[in-house]
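> Counting from 627, one number per residue, gives the positions in the sequence shown under the working numbering.
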Amino acid sequence: MRVAYTLIEAAQIYSKIYTMRIRNIEPADYSAATGLYNLLFPEFRILTLTRLCDLDISNSWVLIHDNRIIGISIQGMRYFEDAYIPYIFAFGIHPEFQRRGLGNFLMSVACRFSPLYLTTRISNAAAIRLYQNHGFEVESIEEKLYISPREDGLFMKLIR
Ligand SMILES: CC(C)(COP(=O)(O)OP(=O)(O)OC[C@H]1O[C@@H](n2cnc3c(N)ncnc32)[C@H](O)[C@@H]1OP(=O)(O)O)[C@@H](O)C(=O)NCCC(=O)NCCS
């Protein structure tokens with residue numbers, strides 16, 4: 627199912643359900659966003675978000691609930707096969723808030739422009755389903771990309 631609502635419609639829908647808002651990430655968010663990243667991806671533990679990539683602030687987003695960051699979509703440019711591609715380096719919703727449609731909402735905002743790329747674990751059924759619902763297709767398999775546990779990655783591309 628393709629998510630068809632506009633950004634404004636979605637914001638209206640969700641603001642009725644949660645005291646939640648979405649905005650571009652700001653440097654003051656880096657510490658809290660790094661904390662959420664480390665909670666979601668403990669195997670990649672990072673000291674600061676800026677070590678992940680050169681952040682594209684205008685295409686990186688935070689979901690905020692009660693002054694707390696509960697979702698991140700972190701985009702930058704990834705060097706891949708002799709070129710730089712727009713790439714989502716981190717995407718996730720705090721475990722307390724998962725399975726309420728917020729991943730769909732965050733992605734509907736994050737994937738406004740294409741092409742756009744990302745990678746996910748081959749076993750991550752929730753993420754694969756979410757990304758496919760938004761128009762991402764498998765481009766290739768990145769063998770043994772992940773550690774703890776060792777696993778292949780699905781390199782996915784959004785084309786519109
Ligand atoms: C993947 C993730 C972002 C989904 O966020 P979410 O807010 O729970 O997702 P939503 O509630 O918006 O649901 C999105 C879709 O995923 C599906 N989904 C969500 N959790 C699922 C699960 N555990 N198993 C199977 N499908 C699942 C939903 O059914 C929905 O599909 P639908 O629209 O066809 O019904 C979230 O589980 C997460 O942050 N996981 C940890 C970090 C991570 O793995 N990030 C991706 C790494 S690349």
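Ideal Cβ placement from N, Cα and C applies to all residues, glycine included.
Roughly how many angstroms lie between the CA atoms of Y757 and M733, to the nearest whole one?
For the purposes of this step, residue 757 is identified with residue 131 of the sequence shown, where counting begins at 1. For the purposes of this step, residue 733 is identified with residue 107 of the sequence shown, where counting begins at 1. Cα-Cα distance, rounded: 8 Å.
> How is the alpha helix (DSSP H) around G661 delimited, first residue to last?
Taking the sequence shown and counting its residues from 1, the one referred to as residue 661 is at position 35. From DSSP, the alpha helix (DSSP H) with G661 extends over Y656 to L666.
> Is the beta carbon of L728 closer than 8 Å to that of I700?
The residue labelled residue 700 in the question sits at position 74 within the sequence shown. The residue labelled residue 728 in the question sits at position 102 within the sequence shown. No. Outside cutoff.
> Around the Cβ of I683, are there at least 16 other Cβ atoms within 10 angstroms (buried) or fewer (exposed)?
If you number the sequence shown from 1, residue 683 lands on position 57. Looking at its Cβ environment, which holds fewer than 16 other Cβ atoms inside 10 Å, I683 is exposed.
> From R725 to L681, what distance separates their C-alpha atoms?
Numbered from 1 along the sequence shown, position 99 holds the residue referred to as residue 725. Numbered from 1 along the sequence shown, position 55 holds the residue referred to as residue 681. For R725 and L681, the distance between alpha carbons rounds to 27 Å.
> The beta strand (DSSP E) that contains N759, what's its start and end?
Residue numbering aside, residue 759 sits at position 133 when the sequence shown is read from its first letter. Element bounds for N759: not the beta strand (DSSP E) but the alpha helix (DSSP H), A751 to N759.
> Leaving out the 5 sequence neighbours to the left and right, which residues in its chain are closer than 6 Å to Y743 when beta-carbon positions are compared?
Within the sequence shown, the letter at position 117 stands for residue 743. For Y743, where only same-chain residues beyond five positions count, the Cβ hits under 6 Å are I711, Y713 and K783.
> Which residue marks the beginning of the alpha helix (DSSP H) containing S699, and which one marks its end?
For the purposes of this step, residue 699 is identified with residue 73 of the sequence shown, where counting begins at 1. Not the alpha helix (DSSP H): S699 falls in the beta strand (DSSP E), residues R694 to F706.
> For F788, name the three-state secondary structure that DSSP assigns.
Because the chain spans 627 through 786 in this model, residue 788 falls outside it and cannot be assessed.
> Compute the beta-carbon to beta-carbon distance between L673 and Y656, rounded to the nearest angstrom, for a pair I have assumed lies under 8 Å.
Counting from one through the sequence shown, the residue named residue 673 turns up at place 47. Counting from one through the sequence shown, the residue named residue 656 turns up at place 30. Their Cβ separation, rounded to whole angstroms, is 11 Å, which puts L673 and Y656 out of contact at 8 Å.
> In terms of DSSP beta bridges, what is T745 paired with?
Taking the sequence shown and counting its residues from 1, the one referred to as residue 745 is at position 119. For T745, which the question treats as bridged, DSSP gives the partners F781.
> Is G702 closer than 8 Å to H720 when the C-beta atoms are compared?
The sequence position of residue 720 within the sequence shown is 94, counting from 1. The sequence position of residue 702 within the sequence shown is 76, counting from 1. Result no, Cβ atoms of H720 and G702 do not sit closer than 8 Å.
> Cβ-heavy atom distance between R726 and ligand 1 below 7 Å?
Along the sequence shown, one-based indexing puts residue 726 at 100. It does: the Cβ of R726 is within 7 Å (strictly closer) of some heavy atom of ligand 1.
> Could you tell me how far apart the beta carbons of G779 and R747 are, in whole angstroms, since I believe they sit closer than 8 Å?
In the sequence shown, the residue the question calls residue 779 occupies position 153. In the sequence shown, the residue the question calls residue 747 occupies position 121. Going by Cβ atoms, the distance from G779 to R747 rounds to 6 Å, so yes, they are a contact pair.
> With E769 and S749 assumed to form a contact (beta carbons below 8 Å), what rounded beta-carbon distance in angstroms separates them?
Taking the sequence shown and counting its residues from 1, the one referred to as residue 769 is at position 143. Taking the sequence shown and counting its residues from 1, the one referred to as residue 749 is at position 123. E769 to S749, Cβ: 14 Å. No contact.
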